[in-house]
Every structure is written in structure tokens, then in C-alpha cells.
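Each remark here refers to the structure printed beneath this line.
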Amino acid sequence: MAQTNIKSTALEQPVSISHDGFTAWFTQMLTRYGLLWLCVLLVIIFSLTTDSFASMLTLNAILESKSKIALLALAATTTMLVGKIDLNVGFGIVLWHILVITLQVQFGFLGR
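Heads up: the sequence shown begins at 14 in the working numbering, then just goes up one per residue.
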């Protein structure tokens, strides 16, 4: 019998296109912090285009809603760091949002 060797490439570093100087730095920063910069850009755009967006109430609402997502992401990250994958986190987030929206619409709960 012939022996077959199968090599996994899942843990190998991806081949990258070589950039120099500013292009490499910008590509790395965009890859790492692109969503954060997009969020900051959207806050700036909405603050400049509407009068009521730039307030402490809006900032509090944004930070309060994102803190829950950050905690769930931290829980999923620790699961992945120990070598396991838990796909139920996304399902739980969606189910929780559906439950909260249903309670708000049907029974008038505002959560405060």
C-alpha cells in the first residue's frame, strides 16, 4: 500500500505581497484597525450632518450597546484561544436580539 502524506496549511502564514514604507504600514493598519476607523468616520459624519447626534446621550447609547458585543466577543475569543470553536455564540446573539425586540414591541419593556 502506498502511504499518502497530507499536509495542512491552516497554521501557515499566508503569502503576502511585499510593500515598502508607508504602503506596508497603511495596509497593516487598515487590516488591523479598519473597522474601528470606519466607526470613527461614521460618528464624525453623523455628528457634522445632524444637530442631535453629537450628544452625551448618543455616546452613552453607543458605548452601552457595544459593551455587550465586546463581552460576547471576548467569550468567543477565549474559546478559540484554547483550540476549540464555538459557533453557538452567533446564534445566541441573534436569539437575544429577537427576544429583546419582541419584549419591547409586545410588552413595552425599555430595559431601564
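Every residue gets a Cβ at the ideal spot worked out from N, C-alpha and C, and that includes glycine.
If you're wondering where the values come from, they're calculated on a predicted model, not measured in any experiment.
>> If I measure Cβ to Cβ from Leu60 and keep anything under 6 Å in the same chain, skipping five residues before and after, which residues do I get?
In response: The residue you asked about is not Leu; residue 60 is Ser in the sequence shown. Result list for Ser60: Phe66, Ala67, in chain order.
> Is Phe39 helix, strand or coil by DSSP?
Replying inline: helix
> Residues in its own chain within less than 6 Å of Phe122 by CB, not counting five upstream and five downstream?
Replying inline: Leu116
>> If contacts are defined as beta-carbon pairs under 8 Å, then Val102 and Ala89 qualify, I think. What distance do you get, rounded to the angstrom?
In response: 4 Å
> For the candidate residues Lys79, Ile114, Leu70, Ala86, whose alpha-carbon lies nearest to that of Ile98?
Replying inline: Ala86
>> Along the chain, where does the alpha helix (DSSP H) containing Phe127 start, and where does it finish?
In response: The question about residue 127 has no answer here: the residues shown for the chain are numbered 14 through 125.
> Nearest-angstrom Cα distance between Lys79 and Leu54?
Replying inline: 16 Å
> Three-state secondary structure (DSSP) at Lys2?
Replying inline: Residue 2 is absent from the structure shown; the chain starts at 14 and stops at 125.
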